[in-house]
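Colleague:
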């Protein structure tokens, strides 16, 4: 499991702020949530573990310890701020997996990287910019986040094709009916007494009769 050290601390004049953060968070300017979630530990708790989500929607796990700054940590010099408050460090590591049993090896590794950053910070607090931390292989017990599975491919919509086929078949049947299913119109009857080339023959019984249209009587 890969982990990245981070550090939140205050200086002799400057208040608490993020001084060291994972390189990818610094690149994306997505490290501000560290200061919002990493707090001093109550009582004598050796460390804290918290699962949080960054503003950009990245779920991570934070493990940190809280301890006062000793003279040996900063190669001598005052260990209190301008208001006589003891300097404190909240140093730890961030990982994408869930940590169930943090290892002191990982916590100490993160603390050593954080102390190197803190010494540089004390040299010029006003102009200090957040430093980027590189990943290391953590030995803490935990689980890796599940791999993202690709979305399933959409199933073929057979009912759409069946519907279209039904429309095509239905249209073809209708066309055939219009072309072959209608009865031909009977030729019009001519007025009686006028020449005609064709007459409508009506069959009644066995003897055919000739029918014609009646005409108005001439005066």
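Numbering (the numbering used here), first residue to last: 109 to 327. Note that beta-carbon positions come from the ideal geometry of N, C-alpha and C, so glycine has one too. Quick caveat: nothing in here was measured; it's all calculated off a predicted structure.
1. How close, in whole Å, do the beta carbons of residue 127 and residue 229 come, if the pair is a contact with beta carbons under 8 angstroms?
2. How about residue 244 and residue 114: are their beta carbons less than 8 angstroms apart?
3. Mapping DSSP to helix, strand and coil, what is residue 166?
4. Pull the bridge partners of residue 135 from the DSSP assignment, please.
5. May I ask you to report which of helix, strand or coil DSSP gives residue 250?
6. Count the other CB atoms, across all protein chains shown, that sit within 10 Å of the CB of residue 119; report buried if there are 16 or more and exposed otherwise.
7. According to DSSP, residue 244 sits in a beta bridge with which residue or residues?
8. Rank 178, 177, 165 and 195 by C-alpha distance to the C-alpha of residue 122 and give the top, closest one.
9. Answer with buried or exposed for residue 112, where buried requires no fewer than 16 other C-beta atoms within 10 angstroms of its C-beta.
10. In chain order, what residues of the same chain lie with their CB nearer than 6 angstroms to the CB of residue 255, ignoring the 5 residues before and after it?
11. Short check: CB of residue 225 to CB of residue 239, under 8 angstroms?
12. Helix, strand or coil for residue 155? Go by DSSP, reduced to three states.
13. Using the Cβ count rule (16 or more neighbours within 10 Å means buried), how would you classify residue 283?
Modeller: Well, looking at it:
1. Counting from 1 along the chain shown, the entry for residue 127 is found at position 19. Counting from 1 along the chain shown, the entry for residue 229 is found at position 121. The C-beta distance from residue 127 to residue 229 rounds to 5 angstroms, short enough to meet the 8 angstroms contact threshold.
2. Here residue 244 refers to the residue found at position 136 when the chain shown is read from its first residue. Here residue 114 refers to the residue found at position 6 when the chain shown is read from its first residue. Contact flag unset, no.
3. Residue numbering aside, residue 166 sits at position 58 when the chain shown is read from its first letter. Three-state DSSP puts residue 166 in coil, outside helix and strand.
4. Translated into the one-based positions of the chain shown, residue 135 becomes position 27. Residue pairing by DSSP places residue 135 in no beta bridge whatsoever.
5. Position 142 of the chain shown, counting from 1, holds the residue named residue 250. The three-state secondary structure of residue 250, taken from DSSP, is strand.
6. The count along the chain shown starts at 1 and reaches residue 119 at position 11. When all chains shown are included, residue 119 counts as buried.
7. One-based indexing of the chain shown puts residue 244 at position 136. Beta-bridge analysis with DSSP links residue 244 to 111.
8. Within the chain shown, the letter at position 14 stands for residue 122. The candidate whose alpha carbon is nearest that of residue 122 is 195.
9. Here residue 112 refers to the residue found at position 4 of the chain shown. With 16 or more other CB atoms across the displayed protein chains lying within 10 angstroms of its CB, residue 112 is buried.
10. Here residue 255 refers to the residue found at position 147 when the chain shown is read from its first residue. Interpretation of residue 255 is limited by its pLDDT of 48, a score under 50 that renders its predicted location unreliable; no figure is taken from the coordinates.
11. The residue labelled residue 225 in the question sits at position 117 within the chain shown. The residue labelled residue 239 in the question sits at position 131 within the chain shown. In contact: residue 225 and residue 239 (Cβ atoms closer than 8 angstroms).
12. Working through the chain shown from its first residue, we reach residue 155 at position 47. DSSP places residue 155 outside both helix and strand once states are collapsed to three, so it counts as coil.
13. One-based indexing of the chain shown puts residue 283 at position 175. Model confidence at residue 283 stands at a pLDDT of 49, short of 50, so the residue's coordinates are unreliable and nothing is read from them.
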